[in-house]
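Working notes, beginning with the structure itself.
In this note's numbering, the protein residues as written are 2 to 123.
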């Protein structure tokens with residue numbers, strides 16, 4: 002049991018490192034808070050919450066993987082290396098793809114609700 006608890010400690014230490022060292026991770030966390038507040042205010046459905054939470058998870062996980070890959074590449078290739086640069090670019094590209102998916106999903110879920118809200122207010 003002690004080993005299990007310790008492993009969670011290491012995991013949270015990794016999330017803390019990503020939070021303190023990576024601006025983009027912090028930006029994604031702020032976006033997460035805003036989306037959760039918006040979802041709560043607009044009373045999105047359970048299935049919509051599942052999509053929102055999936056998007057949040059995918060973006061945060063890819064951002065952590067991007068940080069992992071960049072750190073590992075810097076470790077094994079401290080000097081400039083074209084292939085190392087390509088690896089880092091592709092890793093960042095994975096985050097962009099995840100973020101675009103999350104944005105598209107958010108637009109599909111939130112735009113109709115916002116339009117309905119504004120049409121009733123007018």
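No residue lacks a Cβ here, since even glycine has one placed at the ideal position from N, Cα and C.
- According to the DSSP assignment, residue 91 belongs to the alpha helix (DSSP H) that extends over 83 to 122.
- The continuous stretches of alpha helix (DSSP H) do not include residue 45, and DSSP gives it neither H nor E.
- When C-beta atoms of the segment 35 to 52 are compared with those of the segment 78 to 92, fewer than three pairs fall below 8 Å, so the two segments do not count as touching.
- When the alpha-carbon of residue 97 is set against those of 51, 62, 121, 9, the nearest one is in 62.
- A Cβ-Cβ distance of about 12 Å is found for the pair residue 43 and residue 119, leaving them out of contact under the 8 Å criterion.
- The alpha carbon of residue 68 has as its nearest neighbour, out of 116, 93, 29, 108, the alpha carbon of 93.
- In the displayed model, residue 78 falls within coil according to three-state DSSP, outside both helix and strand.
- Restricted to the segment 19 to 64, the alpha helix (DSSP H) segments that are unbroken, complete and at least 4 residues in length are 24 to 42, listed in chain order.
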